[in-house]
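Our numbering numbers the first residue of the sequence shown as 48 and each following residue consecutively.
No residue lacks a Cβ here, since even glycine has one placed at the ideal position from N, Cα and C.
Please read these numbers as outputs of a predicted model, since none were measured by experiment.
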Amino acid sequence: MQDMTLYKTQILITAILLVVILVLNSLSKRAIRRFGRTSAINMNNRKIIFYLSNLFFYGLAIVVITLIWGVNLQEFSVFISSILAIVGIGFVAQWSILSNLTASVILFFSHPLRLGDRIRVMDKDFDWTGKVEDISGFYLFMRTDDGRKISIPTNLVIQKGIEILQSDEEVDTIES
């Protein structure tokens, strides 16, 4: 009988936790959206911030739920470290994936490049001049002046360097 009450309590606490996590996640999305508008952060960058906040809240929920249901903390930490070791080995096996993710973070936080900018990728073999259409976790997508749509790995953009020929804000002020 006591086990049944324990399970009911754990189910109730888990349900409450999930509701709290969903509410907090919704409030954080609203705050990110408001901050993004006031700080003029473009939608692509806001999507990345939304993704990271989702990852944080749902990761926190998983950890707290495992504690609610009585999973031994030592066993849980061994499990998590094993998963991280496997992921680490996978990243080392695919070093380019890790370098592209790192380059995307650098482009996102500390580079003046924005969507809509007209750029030239500094490469002696190719003339990649065009407009930036999207920046994902792994690629920079651009439409070249001759109409081709190309994707360039973000680590290559960081290595080669780019020249911003005309930013999206300059285009807006010229047109108005």
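Which residues in the same chain have their Cβ closer than 7 Å to the Cβ of residue i, if we skip the five residues on either side of it in sequence?
i      : result
Ile211 : Pro159, Leu160, Asp164 and Ile166
Ala108 : Leu64, Leu65 and Ile68
Ile95  : Phe155
Gln57  : Ile115 and Trp116
Please list, in chain order, all residues of the same chain as residue i whose beta carbon is under 6 Å from its beta carbon, the five residues on each side excluded.
i      : result
Ser151 : Gly184 and Thr201
Val70  : none
Drop a sphere of 10 angstroms on the beta-carbon of residue i, count the other beta-carbons inside from all chains shown, and report buried for 16 or more, exposed for fewer.
i      : result
Trp175 : buried
Ile127 : exposed
Val125 : exposed
Val179 : buried
Ile182 : buried
Is residue i helix, strand or coil when you go by DSSP?
i      : result
Asp50  : helix
Ala190 : Contrary to the premise, residue 190 reads as Arg rather than Ala in this sequence. Strand, per DSSP.
Val118 : coil
Gly177 : strand
Lys171 : coil
Let me check understanding here. Comparing Cα to Cα, which of the options lies closest to residue i?
i      : options                         : result
Leu53  : Val70, Leu99, Gly117 and Ile182 : Gly117
Gly208 : Leu187, Arg195 and Lys196       : Leu187
Thr191 : Asn101, Ile88, Ser86 and Val168 : Val168
Kindly indicate the opening and closing residues of the alpha helix (DSSP H) around residue i.
i      : result
Leu203 : Thr201 to Lys207
Go through its chain and collect everything with a Cβ distance to residue i's Cβ below 8 Å, but skip five positions before and after it.
i      : result
Ser100 : Asn72, Ser75, Lys76 and Ile79
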